[in-house]
Amino acid sequence: MDGGLRLLMINNCQMSYPCMRVVLLQLQLPLLDFELNSPNISRDISTVFTFRFHLVCNRPSAMSILQRVILPFRATLRPYSTGFLKDVELHSREGSPPSVDFSKPTLLYFSAGWCRSCRLFTPKLKRFYEGVNGEVNVVWVSRDKSSEDQLEYYEKSLGPWPYIPFGNNTIREYLEKYEVKTIPAILQVDEKGAVIDDTVRRKIEEASSSTSESKLLLEKLRK
1 MDGGLRLLMI
11 NNCQMSYPCM
21 RVVLLQLQLP
31 LLDFELNSPN
41 ISRDISTVFT
51 FRFHLVCNRP
61 SAMSILQRVI
71 LPFRATLRPY
81 STGFLKDVEL
91 HSREGSPPSV
101 DFSKPTLLYF
111 SAGWCRSCRL
121 FTPKLKRFYE
131 GVNGEVNVVW
141 VSRDKSSEDQ
151 LEYYEKSLGP
161 WPYIPFGNNT
171 IREYLEKYEV
181 KTIPAILQVD
191 EKGAVIDDTV
201 RRKIEEASSS
211 TSESKLLLEK
221 LRK
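Letter 74 of the sequence shown, counting from 1, is numbered 74 in full-length UniProt numbering, and no numbers are missing.
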């Protein structure tokens, strides 16, 4: 998204502290924070650290530029999630760690492949998502009974949404936090994880059959 806020994480970047500062200065990127594998930060050019750091950049070319600049330092670059999902393990169909952009409305979707009601609602959610061109985040919290069942349902029926992998403790934590007793359940949440709307399932069911209605609902979710 041109001109939009870009949140990036550089993992396992091996260079000295002065070199890292020079790279960021050349790219005109502000350093927000970084984590070193040593509590003693040496400013010596000869001391090489392995570290990761987060960047904010408004330039759409940031990803390709950074990838090229940091390549000699054996670093990897990826987007990362912020807010209450910052430390949550998320997987995606693409294979790379997904990110969640909270400038879009964010939905937590609790469902499972064994659940008949979920199998009926999921296509409606997928149509809504496609009708608004992916301008909402859907984070899937699976209630499947095995990792095999989870992946089968995901590949067969769900959209290209990030999900919490089977067995992750966050699943149980969210079930308790959001008092999910039955599925499917879908909640609109803010960046801190607070519930904005717990009636969004009904709204999606009503809007999903029409692209125009889906776009109207999107505007309401944005408010």
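Cβ atoms here follow ideal geometry from the backbone N, Cα and C, with glycine treated the same way.
Nothing here was measured: the structure is a model prediction, and the numbers come from that model.
| Query | Result |
| --- | --- |
| CB contact flag (residue 108, residue 163, <8 Å) | no |
| Backbone CA spacing between residue 205 and residue 124 [nearest angstrom] | 6 Å |
| Residue 132 classed as buried or exposed, judged by whether at least 16 other C-beta atoms fall within 10 angstroms | buried |
| Closest residue to residue 161 among 18, 98 and 144 (Cα-Cα distance) | 98 |
| Reduced DSSP secondary structure (H/G/I, E/B, other) of residue 171 | helix |
| Environment of residue 113 [buried if 16+ CB atoms lie within 10 Å] | buried |
| Span separating the alpha-carbon of residue 127 from that of residue 202 | 14 Å |
| Any beta strand (DSSP E) of 3 or more consecutive residues that is wholly inside the stretch 177-208 | 185-189 and 195-197 |
| Span of the alpha helix (DSSP H), counted from its first residue to its last, around residue 117 | 116-131 |
| Residue of 94, 151, 101 and 111 minimising C-alpha distance to residue 186 | 111 |
| Nearest candidate by alpha-carbon position, reference residue 229, set 208, 213, 223 and 180 | Residue 229 lies beyond the range of the chain shown here (1 to 223); nothing can be said about it. |
| Three-state class that DSSP yields for residue 84 in the structure shown | helix |
| Reduced DSSP secondary structure (H/G/I, E/B, other) of residue 142 | strand |
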